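Residue numbers (the numbering used here): 454 to 653. Glycine included, each C-beta is placed from N, C-alpha and C at the ideal position. Bear in mind the structure is a predicted one, so any value in this text is a computation, not a measurement.
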């Protein structure tokens, strides 16, 4: 995103200029599609392209291979461009935190995400989300989730108890896919630990 350049509204694929539905709601719907384990890969691409591409008749002209290539292009140039995520623990969820995000945008920017501003461009949404002030609810909740629990001392029992209570209150429910990923990461850590013991 550059301040002197217009927000992306289309992508060029082969000889076609393909206009996009650029609202943040469209992108979040695509995230939901990819999070649904009951939807196959080909169907995910079809559904997301149907949501993203304005002139849907173009999709009938494309083979599955070209659909995959087009979606990959849209993902890299539009969806992922403003949203490079660092690897690590997840501190927010667009669905589970929807109410907190809505109220935070309303408080900070007077933007009504489900009313008159529901067509807000995805890049604008991400930029504004990243810039929410510290006194908004979602930023406070993300701070609670990301804050490490201090090591116990004889002076901080109440501080630890309060933080654990807040972490439990605002915990994120993991999807089945996320639970599998965490399990696999846990297995990998155990394997590394066992290798270290074997080398002693």
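Legend entry - Beta-carbon contacts of residue 559 that lie in its chain and below 7 Å, excluding the five residues immediately before and after: In the chain shown, counting from the first residue as 1, residue 559 sits at position 106. For residue 559, where only same-chain residues beyond five positions count, the Cβ hits under 7 Å are 565.
Inset, instruction - Write down the C-beta distance between residue 495 and residue 517 rounded to the nearest angstrom, noting that I regard them as a contact closer than 8 Å. - result: Here residue 495 refers to the residue found at position 42 of the chain shown. Here residue 517 refers to the residue found at position 64 of the chain shown. Residue 495 to residue 517, Cβ: 6 Å. Contact.
Legend entry - Euclidean distance between Cα positions of residue 594 and residue 623: The count along the chain shown starts at 1 and reaches residue 594 at position 141. The count along the chain shown starts at 1 and reaches residue 623 at position 170. Rounded to whole angstroms, residue 594 to residue 623 spans 7 Å at the Cα level.
Legend entry - Segments assigned beta strand (DSSP E), at least 3 residues, entirely inside the segment 594–622: none
Inset, instruction - Report all residues from its chain with a CB closer than 8 Å to the CB of residue 512; omit the five preceding and five following residues, and keep chain order. - result: Taking the first residue of the chain shown as 1, we reach residue 512 at position 59. Around residue 512: 499, 502, 503, 506 and 520.
Inset, instruction - Run through the segment 466–503 for me and flag every whole alpha helix (DSSP H) of 4 or more residues, listed as ranges in chain order. - result: 477–488
Legend entry - Span of the alpha helix (DSSP H), counted from its first residue to its last, around residue 520: Locating residue 520 in the chain shown gives position 67, where the first residue counts as 1. From DSSP, the alpha helix (DSSP H) with residue 520 extends over 517–527.
Legend entry - Between the CA atoms of residue 489 and residue 551 - distance to the nearest angstrom: Translated into positions along the chain shown, residue 551 becomes position 98. Translated into positions along the chain shown, residue 489 becomes position 36. Approximately 18 Å between the Cα atoms of the pair.
Inset, instruction - Take the Cβ of residue 567 as the centre, count every other Cβ of all protein chains shown within 10 Å, and call the residue buried at 16 or more, exposed below. - result: Numbered from 1 along the chain shown, position 114 holds the residue referred to as residue 567. With fewer than 16 Cβ atoms within 10 Å of its Cβ, residue 567 is classed as exposed.
Legend entry - DSSP-derived helix/strand/coil call for residue 556: As a working mapping, residue 556 is identified with position 103 in the chain shown. The answer is helix: DSSP assigns residue 556 an H, G or I state.
Inset, instruction - Note down the Cα distance separating residue 545 from residue 456, rounded to an integer number of angstroms. - result: The sequence position of residue 545 within the chain shown is 92, counting from 1. The sequence position of residue 456 within the chain shown is 3, counting from 1. When rounded, the distance between both Cα atoms is 27 Å.
Inset, instruction - Please determine if the segment 577–591 and the segment 603–610 are in contact, where contact requires at least 3 C-beta pairs separated by less than 8 Å. - result: no
Legend entry - Of the residues 509, 470, 481 and 510, the one placed nearest residue 526, counting alpha carbons only: In the chain shown, counting from the first residue as 1, residue 526 sits at position 73. For the residues 509, 470, 481 and 510, the minimum Cα distance to residue 526 belongs to 470.
Legend entry - Nearest-angstrom beta carbon gap, residue 616 and residue 600 [assumed within contact, 8 Å]: Start at 1 with the first residue of the chain shown, and residue 600 comes out as number 147. Start at 1 with the first residue of the chain shown, and residue 616 comes out as number 163. Contact holds; Cβ gap of about 7 Å.
Legend entry - Buried or exposed by the 16-neighbour rule on C-beta atoms within 10 Å, applied to residue 583: Locating residue 583 in the chain shown gives position 130, counting from the first residue. Its Cβ having fewer than 16 others within 10 Å, residue 583 is exposed.
Inset, instruction - Take the Cβ of residue 596 as the centre, count every other Cβ of all protein chains shown within 10 Å, and call the residue buried at 16 or more, exposed below. - result: On the chain shown, position 143 is the one that residue 596 refers to. Looking at its Cβ environment, which holds fewer than 16 other Cβ atoms inside 10 Å, residue 596 is exposed.
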